[in-house]
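Residue numbers (the numbering used here), protein chains in the order written: chain A, 1 to 179; chain B, 180 to 653.
Remarks on the structure that follows.
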Ligand code: SF4
């Protein structure tokens with residue numbers, strides 16, 4: 001039997017969810033015996049294979065135009081899409097930004113800011129356009145939600161292991177964590 | 180005709196940064212820029228929250244060094260509470276901080292930068308990563324894993340989680356150290372110290388062997404900034420901010436509370452990351468570097484014996500003047516990891532650390548607090564103002580990687596000048612451009628380098644945007 005293929009990526013994230021995946025420590029080796037890790041911030045491949053993967057895992061919220069592009073591509077190429085962590089599941093902490101116009105958030109960082117000298121709002125074509133913050137489920141269909149900030153290493157291992165065994169993980173109360 | 184080489188992660192997103200190199204008519208490098216893509220807007224949306232929530236909100240800026248933001252937010256909270264935390268709380272916070280320095284620095288050296296040094300800049304890209312390192316040098320890779328785990332365990336023993344722990348609060352900490360946790364930390368300490376010393380041996384041997392290269396690679400004069408203690412010793416948690424110039428002469432030393440009198444930030448249109456500089460020296464003369472290289476250049480001594488020995492060697496590298504070569508960051512990082520481990524030993528030997536005197540109650544809200552410490556990557560400032568109820572009215576962060584923003588672009592420019600020939604894109608040469616960035620361990624893409632190699636899409640563009648050539652790696 002072919003090993004199931006997994007791809008992971010991060011959108012607007014603090015990287016903590018991927019750190020939590022690394023924190024499964026030696027179980028990472030056990031997992032890697034069961035699945036083939038294709039693209040991921042942890043490997044050399046960055047784009048999920050065009051032929052698709054069995055499981056695509058996204059961490060982080062959709063916060064700019066490129067996040068949107070990456071989320072859509074992961075959806076297209078994944079049989080099962082996992083939203084991992086509070087940013088991906090709920091939009092995360094940056095969600096608070098949506099209470100104000102984006103321009104105000106930019107003002108606070110680049111103009112109306114105590115240490116900034118002669119501020120201006122960056123906008124050159126090389127850099128991404130910010131968008132109102134959304135969860136992954138608000139822009140594409142998500143099959144499995146894993147909340148937590150970050151989800152504990154044990155929960156991440158449980159989810160990936162269930163998926164590797166061909167089961168859809170059921171998160172009972174002991175595995176749900178909304179901090 | 181002006182041509183540009185774009186170096187960017189293939190997905191353009193995970194690194195939240197890309198590099199553009201502008202060439203002149205002859206295909207020679209004219210300018211290099213590091214574009215940082217990420218904007219999340221914490222300064223705005225924290226307004227209106229209560230100041231005591233910040234030790235939980237601020238760490239979400241970065242999951243690689245969340246402890247720095249956790250502690251800086253708590254320190255700003257102490258000042259808003261108008262209290263000095265108890266001695267025990269201070270010792271415990273510093274202990275957690277040292278755990279983070281160990282995990283962050285050792286992960287960087289052994290797993291991220293190590294492959295460049297041990298396998299070579301021109302090694303096959305598919306193998307020039309931690310997996311290749313495990314295959315060729317398994318004992319070295321294992322030391323890295325164990326050091327990271329040790330640091331993470333110090334953090335979780337205090338804050339119950341490795342990422343985004345819950346421990347420091349405005350005015351103190353929320354739990355005491357258990358004897359079992361202390362004994363576990365002490366039990367492993369000697370072994371981990373010897374692992375770091377082995378790493379130092381590797382770094383020194385490499386730098387010795389490639390001395391000319393290391394001294395010229397992305398080497399340029401600039402100022403350095405870092406915290407120092409009362410006697411000019413290396414300090415990562417308390418202290419005053421000292422800025423020296425490229426000759427090593429002190430420009431200014433100030434209390435972190437007064438940072439606005441000394442540091443300004445410039446904004447450029449082409450990046451979301453601002454450029455801090457010394458107000459006294461002005462822009463761009465007042466740009467400087469922070470982080471391990473800067474801290475060893477700035478301090479006069481180190482308060483732990485083994486790290487002090489290393490510092491003496493360090494000071495001899497450039498006849499007592501600041502060490503300028505960007506690759507020396509790696510050596511400096513390990514000296515600090517050694518200091519952090521030795522310091523863990525000192526902290527755990529202090530009888531006060533086991534006390535239950537954890538919290539200093541507050542009489543009134545002062546309305547203002549600055550929290551400053553040395554994050555693994557450099558000086559971090561949190562500055563909060565509140566109304567009389569403690570609701571935040573303004574929040575300002577100067578993040579470690581920001582201080583190095585100018586220097587990273589400058590390093591790329593130096594390396595590109597030396598190694599990039601516009602009409603001849605070779606893979607190893609582009610890797611050197613990345614290595615110049617990676618040596619600063621930028622947090623914006625700590626992620627990008629978290630374990631693998633930053634894959635590249637290199638596009639050679641004409642001035643009108645036409646693609647002339649393209650190379651993809653990854
Ligand atoms: S859910 Fe939490 S840990 Fe995960 S990326 Fe978001 S802020 Fe970081």
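Glycine included, C-beta positions come from ideal geometry on N, C-alpha and C.
So residue i is in the beta strand (DSSP E); what residue range does that whole segment cover?
i                      : result
residue 316 of chain B : Counting along the chain, residue 316 of chain B falls outside any beta strand (DSSP E), and DSSP gives it neither H nor E.
residue 538 of chain B : Per DSSP, residue 538 of chain B belongs to no beta strand (DSSP E) and is neither H nor E.
residue 385 of chain B : From DSSP, residue 385 of chain B is part of no beta strand (DSSP E) but of the alpha helix (DSSP H) over 358 to 388.
residue 558 of chain B : 557 to 565
residue 551 of chain B : 547 to 554
residue 503 of chain B : No beta strand (DSSP E) holds residue 503 of chain B; DSSP gives it neither H nor E.
residue 29 of chain A  : Run containing residue 29 of chain A: none in the beta strand (DSSP E); it sits in the alpha helix (DSSP H), 27 to 34.
residue 451 of chain B : Where residue 451 of chain B is concerned, there is no enclosing beta strand (DSSP E), given that its DSSP letter is neither H nor E.
residue 208 of chain B : 208 to 215
Kindly indicate the opening and closing residues of the alpha helix (DSSP H) around residue i.
i                      : result
residue 269 of chain B : 266 to 285
residue 150 of chain B : Limits of chain B in this structure are 180 at one end and 653 at the other, which puts residue 150 of chain B out of reach.
residue 247 of chain B : 245 to 260
residue 398 of chain B : Residue 398 of chain B -> no alpha helix (DSSP H), and no H or E assigned at all.
residue 2 of chain A   : Element bounds for residue 2 of chain A: n/a, residue is neither H nor E.
residue 132 of chain A : Run containing residue 132 of chain A: none in the alpha helix (DSSP H); it sits in the beta strand (DSSP E), 130 to 134.
residue 432 of chain B : Note, residue 432 of chain B: premise wrong, no alpha helix (DSSP H); beta strand (DSSP E) at 429 to 433.
residue 158 of chain A : 153 to 164
Does residue i come out as helix, strand or coil in the three-state DSSP assignment?
i                      : result
residue 632 of chain B : Since pLDDT at residue 632 of chain B reaches only 38, below the 50 mark, its modelled position is unreliable, and the value read off the structure follows with that caveat. DSSP places residue 632 of chain B in coil when its eight states are reduced to three.
residue 184 of chain A : It is not possible to answer for residue 184 of chain A, since the shown part of chain A is limited to 1 through 179.
residue 189 of chain B : Any reading at residue 189 of chain B must be qualified, since the residue scores a pLDDT of 31, below 50, and its modelled position is unreliable; no value is offered.
residue 201 of chain B : strand
residue 124 of chain A : coil
residue 441 of chain B : helix
residue 94 of chain A  : helix
residue 346 of chain B : coil
residue 571 of chain B : strand
residue 415 of chain B : coil
residue 227 of chain B : coil
Going straight from the alpha carbon of residue i to that of residue j, what length do you get?
i                      : j                      : result
residue 20 of chain A  : residue 153 of chain A : 5 Å
residue 395 of chain B : residue 213 of chain B : 21 Å
residue 321 of chain B : residue 226 of chain B : 44 Å
residue 97 of chain A  : residue 70 of chain A  : 21 Å
residue 144 of chain A : residue 175 of chain A : 14 Å
residue 126 of chain A : residue 594 of chain B : 22 Å
residue 318 of chain B : residue 41 of chain A  : 24 Å
residue 563 of chain B : residue 236 of chain B : 13 Å
residue 555 of chain B : residue 515 of chain B : 9 Å
residue 469 of chain B : residue 558 of chain B : 7 Å
residue 459 of chain B : residue 569 of chain B : 33 Å
residue 523 of chain B : residue 529 of chain B : 10 Å
residue 438 of chain B : residue 150 of chain A : 33 Å
residue 287 of chain B : residue 376 of chain B : 15 Å
residue 333 of chain B : residue 371 of chain B : 13 Å
residue 388 of chain B : residue 162 of chain A : 49 Å
residue 7 of chain A   : residue 222 of chain B : 33 Å
residue 581 of chain B : residue 452 of chain B : 6 Å
residue 423 of chain B : residue 490 of chain B : 17 Å
residue 493 of chain B : residue 486 of chain B : 10 Å
residue 512 of chain B : residue 280 of chain B : 9 Å
residue 125 of chain B : residue 13 of chain A  : Outside the modelled stretch of chain B, which goes from 180 to 653, sits residue 125 of chain B, for which no answer is possible.
residue 263 of chain B : residue 359 of chain B : 28 Å
According to the neighbour-count rule (16 or more other Cβ atoms, all chains shown, within 10 Å of its Cβ), is residue i buried or exposed?
i                      : result
residue 429 of chain B : exposed
residue 2 of chain A   : exposed
residue 123 of chain B : With chain B represented from 180 up to 653, any question about residue 123 of chain B goes unanswered, as that position is not in the structure.
residue 588 of chain B : buried
residue 337 of chain B : buried
residue 625 of chain B : Only weak support is given to the placement of residue 625 of chain B: the predicted model assigns it a pLDDT of 37, under 50, and the value that follows is read from those uncertain coordinates. It counts as buried.
residue 340 of chain B : buried
residue 627 of chain B : Unreliable positioning characterises residue 627 of chain B in this predicted model, as indicated by a pLDDT of 37, which lies under 50. The coordinate reading is nonetheless provided below. With 16 or more other Cβ atoms within 10 Å, it is buried.
residue 51 of chain A  : exposed
residue 434 of chain B : exposed
Between residue i and the ligand ADP, is there a pair consisting of the residue's CB and a ligand heavy atom that are separated by less than 7 Å?
i                     : result
residue 13 of chain A : Only the ligand SF4 can be found as ligands here, which leaves the ligand ADP out of the picture.
Given that residue i touches chain E, what residues does it touch there, using C-beta distances under 8 Å?
i                      : result
residue 149 of chain A : In the displayed structure, chain E is absent; the protein chains listed are A and B.
### Query
Just checking, does the segment 163 to 173 of chain A make contact with the segment 241 to 259 of chain B on the three C-beta pairs under 8 Å criterion?
Flag = no, the segment 163 to 173 of chain A and the segment 241 to 259 of chain B do not touch.
### Task
Report yes or no: do three or more beta-carbon pairs, one from the segment 439 to 446 of chain B and one from the segment 199 to 214 of chain B, lie closer than 8 Å?
Here the segment 439 to 446 of chain B makes no contact with the segment 199 to 214 of chain B; the two share fewer than three CB pairs at distances below 8 Å.
### Given 8 Å, three or more beta-carbon pairs between the segment 385 to 405 of chain B and the segment 495 to 511 of chain B
yes
### Message
Does the structure place the segment 531 to 539 of chain B close enough to the segment 263 to 271 of chain B that three or more beta carbon pairs sit under 8 Å?
### Response
yes
### Query
Does the segment 54 to 62 of chain A come close enough to the segment 110 to 121 of chain A to have 3 or more Cβ pairs within less than 8 Å?
With the cut-off at 8 Å, the segment 54 to 62 of chain A and the segment 110 to 121 of chain A do not touch.
### Query
Is there contact here, the segment 406 to 416 of chain B with the segment 474 to 484 of chain B, by at least three beta-carbon pairs under 8 Å?
yes
### Task
Flag this pair as touching only if the segment 85 to 94 of chain A and the segment 127 to 140 of chain A have three or more C-beta atom pairs under 8 Å; answer yes or no.
yes
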